[in-house]
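Numbering (my numbering), first residue to last: 5 to 264. For glycine and all other residues, C-beta sits at the position ideal for the given N, C-alpha and C.
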Amino acid sequence: GDSARLLCLPVHPLWQSPITIPGGSRQSPINIQWRDSVYDPHLKPLEIRYDPETCLHMWNNGYCFLVEFEDSTDKSYITGGPLENNYRLKQFHFHWGAINEWGSEHTVDCKVFPAELHLVHWNSCKFASFEEAVMEANGLAVIGVFLKIGAHHSGLQNLVEVLPSIKHKDTLVEFDEFDPSCLLPSCPDYWTYSGSLTTPPLTESVTWIIKKKPIEVDEDQLEMFRMLLFNSFGDEEQRMVDNFRPLQPLMGRTVRSSFS
Ligand SMILES: COc1cccc(N2C=Cc3cc(S(N)(=O)=O)sc3S2(=O)=O)c1
Ligand SMILES: [Zn+2]
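Listed below in structure tokens is the structure:
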């Protein structure tokens with residue numbers, strides 16, 4: 005907005021708002037410098053329990069496409085890892101680039117991936133609803149998974165083939181019986197740090213859990229992400245690409261690893 009321009013803060017073309025919030029001390033995404041991460045032997049294995057029946061629908065919100073889950077009970081949740089409580093699955097979505105040279109939000113030793121998956125969960129032990137948890141420290145836990153170009157991903161194909169029906173902003177399609185654990189790498193290793201949402205409201209309420217190993221998807225599958233549009237039906241066509249936030253300063257934070 006104008007205040008950002010007055011403060012000469014860089015304004016990201018996508019949001020017309022500052023890309024770092026004034027006073028933000030734990031913003032995301034960040035570059036994970038492998039050698040600076042600290043192995044924490046007290047970190048437990050992450051426990052992931054997803055029930056495919058909780059899958060509701062897929063929709064285009066004008067920034068990315070997301071799959072939302074029924075979160076009125078603890079049917080799909082994660083626990084363990086760096087988490088003190090159960091965190092219920094609310095939605096997952098992706099960030100990607102116009103070409104395979106960039107697209108991810110987090111980077112590892114400054115390496116950028118073509119895309120990144122985010123599985124968004126909220127602390128159902130401490131908060132009554134997702135909306136409440138979003139605004140509170142330790143309210144959310146987001147698992148980040150890097151995507152790289154390689155073999156065809158059969159689980160992802162179930163999402164890809166539905167994308168044409170949500171080409172435009174604010175279109176929605178029923179989507180059920182999908183188990184998002186098929187999108188997780190088999191390797192249990194992860195990094196974890198305290199950060200924020202990477203799109204407005206940018207609240208500093210996220211425990212990030214970034215998987216060390218990427219998953220492989222093929223060129224055609226990623227190309228299908230790029231056929232989506234930012235705009236509503238009838239408006240000028242704007243391909244949905246480059247929907248990632250620039251890297252944010254570490255501000256003295258420590259990134260812990262679950263592996264040595
Ligand atoms: C204010 O309550 C609400 C209501 C509905 C959605 C949201 N969200 C906004 C941004 C946002 C960004 C995420 S990312 N890229 O860091 O994983 S996750 C997420 S969200 O919590 O779903 C917040
Ligand atoms: Zn995201």
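* DSSP bridge partner residues for residue 215 (one or two, in chain order) -> According to DSSP, which records beta bridges pairwise, residue 215 is partnered with 194.
* To do: Just the C-alpha distance for residue 141 and residue 210, rounded to the nearest angstrom, thanks.
  => Straight-line Cα distance between these residues: approximately 7 Å.
* **Residues near residue 254 in its chain [Cβ-Cβ closer than 6 Å; skip 5 each side]** => Result list for residue 254: 34, in chain order.
* **Residues bridged to residue 35 [DSSP beta-bridge criterion]** => The partner list for residue 35 (beta bridge, DSSP) reads 111.
* **Per DSSP, cross-strand counterpart(s) of residue 59** => For residue 59, the beta-bridge partners assigned by DSSP are 73.
* Asked: Between residue 220 and the rest of its own chain, which residues show a CB-CB distance below 7 Å, the 5 nearest in sequence each way excluded?
  -> Result list for residue 220: 152, 154, 155, 157, in chain order.
* Is there contact between the stretch 229-249 and the stretch 97-104, where contact requires at least three CB pairs shorter than 8 Å? -> Yes, they touch.
* Name the residue from 28, 149, 30, 208 whose alpha carbon lies nearest to the alpha carbon of residue 109. => When only C-alpha atoms are compared, the closest one is 149.
* Sorry if obvious, but does the Cβ on residue 244 come closer than 8 Å to a heavy atom of ligand 1? -> Result no, Cβ not under 8 Å from ligand 1.
* To do: Report yes or no: do three or more beta-carbon pairs, one from the stretch 88-95 and one from the stretch 129-140, lie closer than 8 Å?
  => A contact exists between the stretch 88-95 and the stretch 129-140.
* Asked: Helix or strand or just coil, what does DSSP make of residue 148?
  -> Strand, per DSSP.
* Asked: So what does DSSP say about residue 131, is it helix, strand or coil?
  -> Taken through DSSP and simplified to helix, strand or coil, residue 131 comes out as coil.
* Quick one: residues in its chain with C-beta nearer than 6 Å to the C-beta of residue 147, no 5 flanking neighbours on either side, listed in chain order? => Leaving aside the five residues that flank residue 147 on each side, the residues in its chain whose CB is nearer than 6 Å to its CB run, in chain order, 123, 213.
* Could you check what DSSP says for residue 244 in three-state terms: helix, strand or coil? => Residue 244 sits in coil when the DSSP states are folded into three classes, being neither helix nor strand.
* Where residue 5 sits in the DSSP three-state scheme -> Any reading at residue 5 needs caution, since the residue's pLDDT is 49, under 50, leaving its predicted position unreliable; the model's value is listed next. The answer is coil: DSSP assigns residue 5 none of H, G, I, E or B.
* Asked: Rounded to whole angstroms, how far is the Cβ of residue 63 from the Cβ of residue 176, which I believe are closer than 8 Å?
  -> Between residue 176 and residue 63 the Cβ distance is about 4 Å, and since that is below 8 Å, they are a contact.
* Taking 8 Å as the line, does the beta carbon of residue 198 fall inside it for any heavy atom of ligand 1? -> Checking the Cβ of residue 198 against ligand 1 gives no.
* Skipping 5 residues on each side, what residues in its chain have a beta carbon closer than 6 Å to that of residue 263? -> Correct list, in chain order: 193.
* Would you identify the three-state DSSP class for residue 158, choosing helix, strand or coil? => The three-state reading of DSSP puts residue 158 in helix, counting H, G and I together.
* Using the Cα positions of residue 189 and residue 169, report the straight-line distance between them to the nearest angstrom. => Residue 189 and residue 169 have their alpha carbons spaced roughly 28 Å apart.
* In terms of alpha-carbon separation, which member of 67, 119, 196, 45 lies closest to residue 226? -> Taking only the C-alpha atoms, the option nearest residue 226 is 119.
* To do: For residue 172, collect the residues of the same chain with a Cβ closer than 6 Å to its Cβ; drop the 5 residues on either side in sequence, then sort them by chain order.
  => Correct list, in chain order: 233, 236, 237.
* What first and last residue would you give for the alpha helix (DSSP H) that runs through residue 223? -> Judged by DSSP secondary structure, residue 223 falls within the alpha helix (DSSP H) whose first and last residues are 223-229.
* To do: Just tell me which of 196, 184, 198, 207 has its CA closest to the CA of residue 60.
  => Comparing Cα-Cα distances from residue 60 to each of 196, 184, 198, 207, the minimum goes to 184.
* Give me every residue whose Cβ sits closer than 6 Å to any heavy atom of ligand 2, in chain order. => The set of residues whose C-beta lies within less than 6 Å of a heavy atom of ligand 2 reads, in chain order, 97, 99, 122, 202.
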